[in-house]
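Numbering (the working numbering), first residue to last: 19 to 236. Heads up, the beta-carbon is just placed ideally off N, CA and C, and yes, glycines get one too. As the structure is a computational prediction, the values presented were derived from the model and not from experiment.
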């Protein structure tokens, strides 16, 4: 049992540091929570957690190794992620909102038709952000193996670490939602909303370019 506890404690400590480090997920949650409220913010949190779970499951099944080995698969995934984030950024820059209350109607006409509520839209946004980011898969593929002890069921241990990562991300991002939502009450002026949308748009485009420039680590 000792041979499993020590690596898991080391993984937990290191994962906490990575989780608290601001990144794309942090920006997405702050923007969603402040602009669209608690329900959509928590939906995005759940979407990101689900995305991490899918990446972890893929790692356990060896699919992330396939992603690393296949230059074509890696290129297509990073292009999809870059295009999605750039689209979000350009949308915020070209058509900034004047009120946060209009977001649900503007996110996607197709989503509105199927009557998806704020929570569902948040899940969709968080999930797509995480799944279309190849750096998430590469991170799991290069980070997790360092903590897997010898003579261990690699798939099972990977799933355990994935569960830990999901819980940490959920707790931290949920806290950000709780702390950020009250700000939505004071962000009522159209000029402020436009400024925040354009600022977040620039950030998303920057992340899109960064993802596109990511190189396959082989």
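Which residue comes first and which comes last in the alpha helix (DSSP H) that contains residue 63?
56-78
Please go through the same chain and pick out, in chain order, the residues whose beta-carbon is closer than 8 Å to the beta-carbon of residue 109, but skip the five residues on each side of it. 219
> Roughly how many whole angstroms lie between the Cα atoms of residue 101 and residue 226?
Replying inline: 7 Å
Same chain only: Cβ atoms within 7 Å of residue 38, ignoring 5 sequence neighbours per side: 190
- Item | Contained alpha helix (DSSP H) runs [length at least 4] in the region 144-185, N- to C-terminal order | 152-161
For the region 150-170 against the region 48-65, do three or more pairs of beta-carbon atoms, one drawn from each stretch, fall closer than 8 Å, so that the two count as touching?
no
Open item on the list: Measuring CB atoms only, is the region 164-181 touching the region 140-154, in the sense that at least three cross pairs come out at less than 8 Å?
Closed with: no
Look up residue 53 in the DSSP assignment and say whether it is helix, strand or coil. helix
- prompt: Just checking my contact of residue 147 with residue 48 at CB under 8 Å: how many whole Å lie between their CB atoms?
  reply: Not a contact, Cβ separation roughly 13 Å.
With residue 141 and residue 64 assumed to form a contact (beta carbons below 8 Å), what rounded beta-carbon distance in angstroms separates them? 5 Å
Measure the C-alpha to C-alpha separation of residue 36 and residue 145 and round it to an integer number of angstroms. 19 Å
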